[in-house]
Every structure is written in structure tokens, then in C-alpha cells.
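Colleague: Under my numbering, think of the first position of the sequence shown as 7, with each following residue one higher.
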Amino acid sequence: MSLSTKPLSGMRQRLPGEFRIEKFVTETLCLSSVRAGFEEYDGPVIEPLGLFAAKSGSELVGRQSYCFKDRGGREVILRPEMTPSLARMVAAQGELQLPVRWFSTPLCYRYERPQRGRVREFLQFNLDILGSENLAAELEVILVLQGIMKSFKAPSSIYRIGWSSRRFMSDALARCGVTKELTGGVFSAIDKRDKMKADAWADFLLGACGGNSVVARQVISLVSVEFLSDPWLMDLMSGSSAFQEVVEFNELLQGVGIPSAVFSPGVVRGLDYYTGIVFELMDTGGENNRSLCGGGRYDNLVGLFGNKKISGVGFGLGVLTLTLFLETYKLIPDSVREAAPADVYIAVASSDATAAAGLLAASIRDEGIRVMMDVSGKKLGKQFSEASRYGIPFVVTVGPDEVETGEYKMKNLSDGKIFTGSLAEITGRLK
Ligand code: HAM
7 MSLSTKPLSG MRQRLPGEFR IEKFVTETLC LSSVRAGFEE YDGPVIEPLG
57 LFAAKSGSEL VGRQSYCFKD RGGREVILRP EMTPSLARMV AAQGELQLPV
107 RWFSTPLCYR YERPQRGRVR EFLQFNLDIL GSENLAAELE VILVLQGIMK
157 SFKAPSSIYR IGWSSRRFMS DALARCGVTK ELTGGVFSAI DKRDKMKADA
207 WADFLLGACG GNSVVARQVI SLVSVEFLSD PWLMDLMSGS SAFQEVVEFN
257 ELLQGVGIPS AVFSPGVVRG LDYYTGIVFE LMDTGGENNR SLCGGGRYDN
307 LVGLFGNKKI SGVGFGLGVL TLTLFLETYK LIPDSVREAA PADVYIAVAS
357 SDATAAAGLL AASIRDEGIR VMMDVSGKKL GKQFSEASRY GIPFVVTVGP
407 DEVETGEYKM KNLSDGKIFT GSLAEITGRL K
């Protein structure tokens, strides 16, 4: 029986054309972060299970994780996300100058049902600020997110950054009649709202509210609110400091003018560690219905590693989900999609010219020019076709005559013109 040519379901493999697009996406993310003063870091792919069990949430760790015992009998996990590792890394630094502004693009693993925008092995761009309790930190990460979308030339009409606050929602749910014991379940029910049919979700929420239909109706009213100035909401939240914080953050957003940011009490985020402002970036069109990005403030993660209380705020952005979004709106430039792997192709006219061709290729490469040398040994015509298939614009032919005279012919494949010259002249021309 022959082996399957398919990877495991949901695992990531990239052919060069796909890889080129992914690189364009990750490099643009990196550039936008560096432009805002963020520094890159990395962490281990395999982590102790306990690191995630503590705070990431039962769904992520209990149902979606790749965990196993290593050969030393330790319970380990392939990281499903980066934030707990980041918190540990920050907690371990003695004299770290706070706040830190760090970014990373780790490979993460979640045993989810593979579907559009969701796979089991994925790159997740992370950007976080740790050590600032100021709402300016939330504003800054959302500004960087907006800068990222701008750098991909995505107009603000095609995406939406829905935001709310966990602190505000905890208070609001209590005022709606949700008891402390039921709050966690109601949060996860709210988080599932966009992933379920309306009727099924209403039943699910009713269950989460302990079967109390009056409370469930209040919760539905709450998550349906569209404006902070909604009279019902203002009445419900009268005297609430958590509501005040939300109003203040809204003013900051308005002050900067971030048209895609919309107050959305239905955004609560599925991970347990969030404590303050939370947000998610969604496509406003119908094709990409899962979040592209999610994040928020987490006050208590770093504190798990000792008594240092360092608050963090940041987001994770799926490289695959973002790429699908960019594809949907035709925002991947043709120059990336069709980029040639080399600037010039060295065609070898006969095998006795191979060493000379190799020498020529190496010399031109030394000048920083990308050179692909023929390794097929096929006829010259076929070598020219190969160069053209790759989209390489120039071909330099090397045969015994060229070796003897030191003069080479370089053909421009787009107009057929031929330039003849020495190695130095050819290189100068290519430059
Ligand atoms: P998250 O919402 O679980 O947050 O993931 C953030 C983003 O990662 C999602 O919006 C999605 O684009 C991408 N993503 C998640 N799961 C998958 C998957 N199975 N396949 C492809 N892409 C996926 C977090 O992970 C937080 N740790 C983010 C964060 C950083 N919060 C603060 N700092």
C-alpha cells in the first residue's frame, strides 16, 4: 500500500506560491509593528499543560488541544496560543523596563474542525503591551491594528472592530439578574451567539441563565444594544464605574477617529483571562464569518507566576484568516502573486560549459542579483521556456564560445532584445 500524499487534516503545508503570499502577509505585519516601536520575541512550541489549563479556558485546553506525555512523563501541550507563554516570559524578567511592547508570529495548534479560516496548525500574529494600566494602551494596540489594515490597503468599510469590556459586561449581567455562579456560562453563551442559529442560541442562553426567561430576555436586550447612549442601557448602568470606563474609551476612539471601531456588547471573547476592554475584528462582508483577530486586556496572567501584578493588553491575528480576507477583497498585489524567483536565468549551452556557467552565476550573485542556473541539461530552447515559465525576465547563455571570448549574450524575454557584453557589463546592465 502506498503512503498518502495528503498531510494530516488541518496541518499546514505551503507550496512556494502560497508561501510567498504568507511571507508578504507576515512581513507586512512585522513592518507595521516595528513602525510602532514593538520588538519581536519568540517562545517554545511545546509547553507544560498547566500553563494553559490555568487560564486559557476549558474549551481550548479540554477539547481543542494537542496534549500528550513526553518521554519524561511530563504533561505537555502544543501551544494553542501565545499569551500565557508571553506572560511567563515577562514575569521571569527581573529588571524589565515596563511597559514592554512585543510582537511575535508563532505557529499554534488547536484540534478544531477544519473549515474556512480555521485549521489545526496556524500562524497567529500576536502584539501586546505589558505594564500599562492606562486605556491609552488599548487605544495604541487598536491603532496598530488599524495601521495594519491600512498597510494592506483595506478600507475601513470592509471590516469592523467590535469592542466591549468584560468588566462592564460582568456588572451589566449582574444588573440583568445573572447570578455570580452563572456568569461564566452566560459569557460563553454570548461568545457563541454568532456561531449558532438564532433559535438554538436563544435556547442555549436560556439554559445558561438557569432557565430564567426574564433574565435571558434582559441578556438578549443587553447584547442587542448598539449605542452607549441607549436609554435602556444608561438606566441599567447608572452609577457603574465599569460603564464609565467604557464611555471614556469610546471618547478616546472618537477623539482619534477610528471609523471601523464599533461598541458591541456581544463581543466578550472566549478566553477566560480577559478582564477589561475586549475586541474582535470581523469582515463586514459575508464570506469570512469567523473573527480575523481578537484581543483585549488581561490583568491577572503575569501574576500567576508570583506576586508581580503586571497588566497586559494585546491581540492575536490569524495569518490564514487575514490572508483569506485579503484574497476576498483582491488585496494581494499581483507583484507578490506573480513574483519571479530570480532576476536572471543562466542557460547552459553544453555540458562542458557547466563549470563556467556556475562561476558566472556565483559572480553575478555576489553583486546581490538573484540568479537561477539551469540544472536540467535540456536543450537551450527548453531552458528558455523554463525561464519564461518562472517569469524570469533575462536569460544569459553560456557555451564554449562565450567561455573563450568572455562575451555573453543576455536576452530580454519580454521584448526579445539581446545585449552582448562582458561579465561586468552584463552585471552592470542587470543592476
Ligand atoms: P483567539 O481569539 O483565540 O485569541 O485567536 C485570535 C485569532 O487567531 C482569531 O481571531 C483567528 O484569526 C486566529 N485563530 C484562532 N484559532 C484559529 C484556527 N484554529 N485556525 C486559524 N486561525 C485561528 C487568542 O489566541 C489570544 N491569545 C489573543 C491575544 C493576544 N489576546 C491578547 N493578546
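Idealized CB from N, CA, C, for every residue including glycine.
1) Sort LEU113, LEU287, LYS315 by Cα distance to VAL268 and report the nearest one.
2) Please confirm if the stretch 53 to 64 is in contact with the stretch 146 to 161, defined as three or more CB-CB distances below 8 Å between the two stretches.
3) If you follow the alpha helix (DSSP H) that LEU386 is in, where does it begin and where does it stop?
4) Since GLN130 is in the alpha helix (DSSP H), which residue starts that stretch and which ends it?
5) Return the CA-CA distance between GLU251 and GLY263, expressed in angstroms with no decimal places.
6) Go ahead and pull the three-state DSSP assignment for LYS186.
7) Exposed or buried, which one is GLY168 when buried takes at least 16 other CB atoms within 10 Å?
8) With DSSP collapsed to three states, give me the class of GLY383.
9) Can you give me the C-alpha to C-alpha distance between ILE200 and GLU87, rounded to a whole angstrom?
10) Which same chain residues, not among the five before or five after SER171, have their C-beta less than 7 Å away from its C-beta?
11) Please classify THR403: does DSSP put it in a helix, a strand, or coil?
12) Could you pull the start and end residues of the alpha helix (DSSP H) that PRO22 belongs to?
13) Taking ASP349 and PHE400 to be in contact with their CB atoms under 8 Å, please state how far apart those CB atoms are, rounded to whole angstroms.
14) Going straight from the alpha carbon of ASP278 to that of LEU332, what length do you get?
15) Smallest Cα separation from PRO409: which of GLU373, LEU365, THR433, LEU386?
16) Taking the alpha carbon of TYR304 as the point to measure from, which residue in ASN295, PHE321, SER297 has its own alpha carbon closest?
17) In this structure, how does DSSP classify ASP177 when only helix, strand and coil are distinguished?
18) Check each candidate in ILE370, THR334, MET379, SER369 and name the one with the smallest Cα separation from ALA353.
19) Tell me which residues share the same chain as GLU392 and place their Cβ nearer than 8 Å to its Cβ, disregarding the 5 neighbours each side in the sequence.
20) Using the Cα positions of ASN438 and LYS417, report the straight-line distance between them to the nearest angstrom.
21) Have a look at THR189 and GLY23 and give me their C-alpha separation to the nearest angstrom.
22) List, from N- to C-terminal side, the alpha helix (DSSP H) runs of 4 residues or more that fit wholly inside the stretch 68 to 113.
23) Could you tell me whether the stretch 137 to 146 touches the stretch 218 to 232, using the rule of 3 or more Cβ pairs below 8 Å?
24) Leaving out five residues before and five after ALA93 in sequence, what residues of the same chain have Cβ atoms less than 6 Å from its Cβ?
25) For ILE83 and LEU57, what's the separation of their Cα atoms in angstroms?
26) Please determine if the stretch 95 to 111 and the stretch 24 to 37 are in contact, where contact requires at least 3 C-beta pairs separated by less than 8 Å.
Modeller: Walking through what the data contain:
1) In terms of Cα proximity to VAL268, the closest of LEU113, LEU287, LYS315 is LEU287.
2) No: fewer than three Cβ pairs fall under 8 Å.
3) 386 to 396 is the span of the alpha helix (DSSP H), which, as asked, contains LEU386.
4) Segment 127 to 136 is the beta strand (DSSP E) holding GLN130; no alpha helix (DSSP H) there.
5) When rounded, the distance between both Cα atoms is 18 Å.
6) If DSSP states are grouped into helix, strand and coil, LYS186 belongs with the helices.
7) If you draw a 10 Å sphere on the C-beta of GLY168, you find 16 or more other C-beta atoms in it, and that means buried.
8) If DSSP states are grouped into helix, strand and coil, GLY383 belongs with coil.
9) According to the sequence as given, residue 200 is Asp; it is not Ile. Using only the alpha carbons, I get a separation of about 22 Å.
10) Within the same chain, SER171 has close Cβ partners ALA248, GLU251, VAL252, GLY282, ILE283, VAL284.
11) The three-state reading of DSSP puts THR403 in strand, counting E and B together.
12) That run of the alpha helix (DSSP H) goes 22 to 41.
13) That belief holds up - the Cβ atoms of ASP349 and PHE400 are roughly 7 Å apart, short of 8 Å.
14) Taking the straight line from one Cα to the other gives about 30 Å.
15) Note that residue 409 corresponds to Val in the displayed sequence, not to Pro. Closest by alpha carbon: LEU365.
16) Shortest Cα-Cα distance from TYR304 to any of ASN295, PHE321, SER297 involves PHE321.
17) If DSSP states are grouped into helix, strand and coil, ASP177 belongs with the helices.
18) When the alpha-carbon of ALA353 is set against those of ILE370, THR334, MET379, SER369, the nearest one is in MET379.
19) For GLU392, where only same-chain residues beyond five positions count, the Cβ hits under 8 Å are TYR351, ASP380, SER382, LYS384.
20) As displayed, the chain neither begins before 7 nor continues past 437, which places residue 438 out of reach and without an answer.
21) In this structure, the alpha-carbon of THR189 lies about 47 Å from that of GLY23.
22) Qualifying alpha helix (DSSP H) stretches, in chain order: 89 to 98.
23) When Cβ pairs closer than 8 Å are counted between the two stretches, the stretch 137 to 146 is seen not to touch the stretch 218 to 232, the count staying below three.
24) Hits under 6 Å: LEU307, VAL308.
25) Near 9 Å, if we compare the C-alpha coordinates of LEU57 and ILE83.
26) Yes, the stretch 95 to 111 is in contact with the stretch 24 to 37.
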